[in-house]
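Have a look at the structure below, then the notes.
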Amino acid sequence: MQTDKELFDLIKETYPLNPSKDFIESTEHKLRKTAKKLNRKRMGKHLSFAFSGVILFILSVSWLFLFDGKAMVMTTLNSFRENNAVSLVDDEEPLVFIYHTHNTEGFLSETNKNNPSEVFHDTKNITLVGNKLNEALKEKNINSIQDNSNVNGILEERGLYSNESYIISGEVLKDALKRNKSIKMAFDIHRDSSNRNVTTQTLNGIDYARISFIISRSNSNYKDNLEFAKLLHTKLEEKYPGLSRGILEKSNENVSQQSTYNQELLKQSVLLEVGGIENTLEEEYRTVNIFAEIIAENMDKLN
26 MQTDKELFDL IKETYPLNPS KDFIESTEHK LRKTAKKLNR KRMGKHLSFA FSGVILFILS
86 VSWLFLFDGK AMVMTTLNSF RENNAVSLVD DEEPLVFIYH THNTEGFLSE TNKNNPSEVF
146 HDTKNITLVG NKLNEALKEK NINSIQDNSN VNGILEERGL YSNESYIISG EVLKDALKRN
206 KSIKMAFDIH RDSSNRNVTT QTLNGIDYAR ISFIISRSNS NYKDNLEFAK LLHTKLEEKY
266 PGLSRGILEK SNENVSQQST YNQELLKQSV LLEVGGIENT LEEEYRTVNI FAEIIAENMD
326 KLN
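Residue numbers for the sequence shown, in the numbering used here: 26 to 328.
Here it is in C-alpha cells:
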C-alpha cells in the first residue's frame, strides 16, 4: 500500500503544476479583494475599541468628580488598609488583656436615667469602650483580647453582693493568664461617676474623655503596677496635655478592707477610669484611640 508521500509524488509527476496566466491573475485579484475586506474589518474593530476606551474614560472621570466616586474609592482603599492591618494580628498570642469588673456601667446619653446611681445598661455600657480599645490596638498590630463576661449577672446567679465583683473578675483574669502566657498588660476598664467638667478635656476644639489610672497599694505588685501607670500617664501627658487625670493610689489602714483590684496577678496591670457618666461614647472612643496610640509608641518599654 502506498504512503501519503508516494501518492503526492505520483500526482505531481502525473499532473504537472503549470497554471495558466489567466488563472494566476484571477486568483491574485480575488486574494487582493479579500485582503481589503479583512483590513476594513480590522480597522473597524480598532476604531471601535478606541472609541469604547474614550467613552469609558469619560464616564470614569465623571463618576469620580461629579458623583462622589472619589469618596467611595478612598473609603474602599481605607477599608482595605485597615483590614490588612488587622489581619496581621495573631489572637492566639495576645499581649494585652481587656476586661470589665463593672461591665454594666453606662452613660447618661445612652440611658433614660437621671440619677447617677442608676446609670447602668445591659448592652450600651463600658464594654463598648473596651471593644473600641481592642480594635484600635489590633489596627496598630498589637495582639489583644477583650473579655465580655457578664460579671453583674454572675453575681446574681451566685447570690453575691456588688462589692464582691472583683472576686468574679479575678477569676476571669486568672483564667486568661493561664490560657495565654503571652499576656503582658491587663486593663480593667471602668467609667467614673464624676461630673462632665471633671471628666472631659478639650483639645483643638474636640472633646475627649479623661483617663484616671487607679492603683491599689495593698497588692504585692504595687511598685511594678505604679511604674507601669506612671509610664502611660507621662507619655499621654507629653503628647496630649490634660487628657490624663493622673494616678490615684488607693489604700486603707485596714489592709484587709482594701481591694487589690486583682493587680497582684500581673506586674503591668492597672484599673482605668475612662470618662464619666456625662461623657458620650464618641468622646470615650476618641480617648481610647489615643490611648492605643500611646501604647503602640511605647511597646519597646512595655513588652
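No residue lacks a Cβ here, since even glycine has one placed at the ideal position from N, Cα and C.
In three-state terms, what does DSSP make of Gln293?
coil
Per-residue burial, Arg235 [other beta carbons within 10 Å of its own, 16 or more giving buried]:
buried
Is Ser243 closer than 8 Å to Ser276 when the C-beta atoms are compared?
yes
According to DSSP, what are the bridge partners of Ser269?
Ile236
Report the three-state DSSP secondary structure of Leu257 (helix, strand or coil).
helix
CB-CB under 7 Å to Asp93, same chain, minus the five flanking residues each way: which ones, in chain order?
In this predicted model, Asp93 has a pLDDT of only 49, less than 50, meaning its place in the structure is not dependable; the value taken from the coordinates is given anyway. Cβ neighbours of Asp93 beyond the five flanking positions: none.
For Glu118, I'd like the list of residues in its chain whose CB is within less than 6 Å of its CB, leaving aside the five on either flank, ordered along the chain.
Cβ-Cβ distances below 6 Å link Glu118 to Asn168, Ser207 in the same chain, with the five nearest sequence neighbours on each side left out; the list follows chain order.
Under a Cβ-count criterion, where at least 16 other Cβ atoms within 10 Å of its own Cβ denotes burial, should Leu273 be classed as buried or exposed?
exposed
Ser187 classed as buried or exposed, judged by whether at least 16 other C-beta atoms fall within 10 angstroms
exposed
Outcome for Glu303 when other beta-carbon atoms lying within 10 angstroms are tallied against a minimum of 16:
buried
Could you say if the stretch 163-181 and the stretch 248-263 meet the contact criterion of at least three C-beta pairs nearer than 8 Å?
no
Can you tell me whether DSSP reads Gly131 as helix, strand or coil?
coil
Excluding sequence positions up to five away, which residues of its chain have a Cβ less than 8 Å from the Cβ of Phe253?
Met210, Lys292, Gln293, Ser294, Val295, Leu327
Give the straight-line distance between the Cα atoms of Lys157 and Arg216, rounded to the nearest whole angstrom.
Distance between the alpha carbons of Lys157 and Arg216: 14 Å.
Assuming Tyr124 is part of the beta strand (DSSP E), what are its boundary residues?
121-124
For a test of the three-state rule: what should DSSP assign to Leu228, helix, strand or coil?
strand
Could you please give me the residues that DSSP links to Asp213 through a beta bridge?
Note: Asp213 sits in a beta bridge opposite Tyr124, Leu296.
Expressed to the nearest angstrom, what Euclidean distance is found between the alpha-carbon atoms of Asn246 and Ile192?
18 Å
In this structure, does DSSP put Glu274 in helix, strand or coil?
If DSSP states are grouped into helix, strand and coil, Glu274 belongs with the strands.
Cα separation between Pro141 and Gly301?
10 Å
With H, G and I counted as helix, E and B as strand and the rest as coil, what does DSSP make of Gly178?
helix
Can you give me the start and stop residues for the alpha helix (DSSP H) that Ile193 sits inside?
190-204
State the start and end residues of the unbroken beta strand (DSSP E) segment that holds Ile170.
169-171
Can you have a look at Gly230 and say buried or exposed, based on whether 16 or more other CB atoms are within 10 angstroms of its CB?
With fewer than 16 other Cβ atoms inside 10 Å of its own Cβ, Gly230 counts as exposed.
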